[in-house]
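Our numbering applies: residue 141 is where the sequence shown begins, and numbers increase by one.
Ideal placement from N, C-alpha and C gives every residue a C-beta, glycine not left out.
For reference, the structure is listed below as structure tokens.
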Amino acid sequence: MKRLPLAAVLAVFTGWLLWSVSARQAALFVVGLGLGAVLAGQRFGFTTGWRMLIEDKDASGVMGQLLLLALAAALAMPLLGHYPELTAALGPPSVSLLVGAFVFGLCMQIADGCGSGTLYKAGLGIPMNAAILPLFALGSFLGSLHLGFWLDLGRSQPVGLVGQFGWERALLITLAALAAVAVAVGWYVRRASAAAGQAPRPLVVRKWMVGAVLLAVLATLNLVIAGQPWGVVYGFGLWAAKLAQASGAADLAHNWFWSQPGNAARLHETVLMDVTSITNIGILGGALWVSAGKPANARPLNGTQWAVALIAGLALGYSSRLAFGCNVGAMLSGISTGSIHGWIWVPLAFAGTIFGLRIRRHFGF
141 MKRLPLAAVL AVFTGWLLWS VSARQAALFV VGLGLGAVLA GQRFGFTTGW RMLIEDKDAS
201 GVMGQLLLLA LAAALAMPLL GHYPELTAAL GPPSVSLLVG AFVFGLCMQI ADGCGSGTLY
261 KAGLGIPMNA AILPLFALGS FLGSLHLGFW LDLGRSQPVG LVGQFGWERA LLITLAALAA
321 VAVAVGWYVR RASAAAGQAP RPLVVRKWMV GAVLLAVLAT LNLVIAGQPW GVVYGFGLWA
381 AKLAQASGAA DLAHNWFWSQ PGNAARLHET VLMDVTSITN IGILGGALWV SAGKPANARP
441 LNGTQWAVAL IAGLALGYSS RLAFGCNVGA MLSGISTGSI HGWIWVPLAF AGTIFGLRIR
501 RHFGF
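Next up, the structure:
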């Protein structure tokens with residue numbers, strides 16, 4: 141479908157949401173469209189940025205992500221401080237978080253996408269990511285079924301910097317930590333380039349900087365409209381849970397995760413009432429609009445590569461639930477709203493990425 145008729149379809153759907161569901165859900169769908177258009181249009185990939193740093197000693201993608209985190213924190217933390225009805229993306233430090241983050245970082249490199257990456261690349265029509273998306277949803281649902289077991293292995297209460305120190309000090313701590321990471325990354329790539337006898341690559345690249353600014357604004361709009369930070373993987377798990385319940389494949393009434401009041405209520409509502417689901421649908425639509433009329437540029441895979449990628453996609457979904465989010469829900473939303481679990485997630489996921497890249501190279505992706 142060409143862009144103009146597709147834009148008309150998206151506009152009609154937005155109007156239907158406004159008329160039949162709610163103004164909030166219509167607004168969140170529009171935010172999702174923007175997120176999908178920016179992610180796809182700027183090719184702002186969290187997975188890609190980490191891979192560029194490790195394999196090519198190119199820090200421009202990571203620098204864009206650090207700018208995104210800084211801007212999102214600068215916008216979100218004052219709002220959290222002044223409007224207590226807004227919630228932070230808090231997750232408990234736990235065995236579940238440690239295992240989930242490491243496995244997620246490993247699998248996202250094999251599957252060539254995190255939660256948002258899988259969504260926007262599926263919207264672009266890339267066959268591997270389109271095939272992984274339902275397995276990601278299934279994995280996220282399976283992770284939710286087992287989450288109570290994983291948390292019983294050890295956990296502590298969530299810690300939020302805004303609640304502990306106030307938004308001003310929380311923001312200063314966050315910006316100082318991000319600046320320290322930026323300095324360390326810059327030092328690493330300069331040293332690695334010098335050792336290889338190469339000129340260091342630019343740290344600042346326009347597409348990453350533009351993407352960071354736009355995503356920070358859209359993530360803040362999501363926080364204000366939804367009352368909670370931008371997330372991705374909850375929507376995936378909810379879709380699979382509703383299918384499992386409707387088909388009689390699972391009884392979720394006594395499951396630890398799905399018996400929680402909020403989760404139980406969402407199981408009985410239309411999926412269009414879920415704030416995460418509606419932005420996910422918007423991301424797909426925004427990426428589809430970017431790709432309209434253009435064939436997906438994807439390298440064909442052999443049978444072994446397909447099998448490895450699909451297994452990684454299932455594990456990606458499972459681990460994302462254990463880790464309380466992906467690069468969006470745990471890293472971006474966690475760190476930008478002051479959650480300590482986001483800072484724990486990053487080094488574990490990065491360590492997993494190093495191993496994931498080795499597996500990726502072994503299978504010739």
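Tell me whether residue i sits in a helix, a strand or coil according to DSSP, three-state version.
i	result
S234	strand
R164	helix
S333	helix
G265	coil
G504	coil
L343	coil
R406	helix
N437	coil
F397	coil
W370	coil
M141	coil
A252	Position check: residue 252 holds Asp in this sequence, whereas Ala was assumed. If DSSP states are grouped into helix, strand and coil, D252 belongs with coil.
Y223	coil
G181	helix
D528	Residue numbering for the chain in the displayed model covers 141 to 505; residue 528 lies beyond these limits and cannot be assessed.
C247	helix
G306	coil
Keeping to the same chain, check which residues put their C-beta closer than 6 angstroms to that of residue i; ignore five residues upstream and five downstream.
i	result
G283	Y458, R461 and L462
M413	none
G240	S459, L462 and A463
Here's the rule I'm using: 16 or more other beta-carbon atoms within 10 Å means buried, otherwise exposed. How should residue i be labelled?
i	result
L293	exposed
I494	exposed
T444	exposed
W159	exposed
V372	buried
A336	exposed
A324	exposed
W156	exposed
P145	exposed
R439	exposed
R191	buried
Y223	exposed
S399	exposed
V486	buried
D252	buried
When you compare each of the options to residue i by their alpha carbons, which one comes out closest?
i	options	result
G375	P145, D198, A277 and A180	A277
V235	G303, F169, A332 and F464	F464
Q385	L259, L450, F281 and V353	F281
V468	L158, G453 and L175	L175
W379	P274, Y223, G181 and M471	P274
L179	W190, L264, I499 and A214	L264
V149	A214, L358, V170 and R341	V170
R501	V448, A404 and F184	V448
K197	Q338, M349 and S399	Q338
L315	A390, P401 and L215	L215
S296	A322, L285, I484 and I499	I484
F289	G300, M471, F397 and L206	F397
P298	I475, H286, P232 and I250	P232
L454	G351, C254, L407 and G388	C254
G181	N269, W348 and A381	W348
L226	G388, Q368 and I423	Q368
T419	L358, W307 and Q400	L358
R498	L392, I365 and I250	I250
N437	I194, C247 and P267	P267
A163	L354, V329, A332 and I365	I365
Against chain D, does residue i count as a neighbour if the rule is that its beta carbon must be under 8 angstroms from one of theirs?
i	result
G465	Absent from the structure: chain D. Only one protein chain is present.
Quick one: residues in its chain with C-beta nearer than 8 angstroms to the C-beta of residue i, no 5 flanking neighbours on either side, listed in chain order?
i	result
V302	M217, L220, G221, A228, A310, T477 and G478
G402	none
T360	A212, L215, A216 and L219
R406	L378, M413 and D414
Pull the bridge partners of residue i from the DSSP assignment, please.
i	result
G300	S479
R295	S234
For residue i, collect the residues of the same chain with a Cβ closer than 7 angstroms to its Cβ; drop the 5 residues on either side in sequence, then sort them by chain order.
i	result
F244	L456, S459, S460, A463, C466, A489 and G492
G326	A199 and L343
T188	G201
T154	A166, F169 and V170
L238	L488
A322	M203 and L206
L209	L318, L472, I475 and S476
E195	L497
Examine the ligand SAH and report whether any of its heavy atoms sits within less than 7 angstroms of the Cβ of residue i.
i	result
G504	With respect to the ligand SAH, the structure offers nothing, as it holds no ligand at all.
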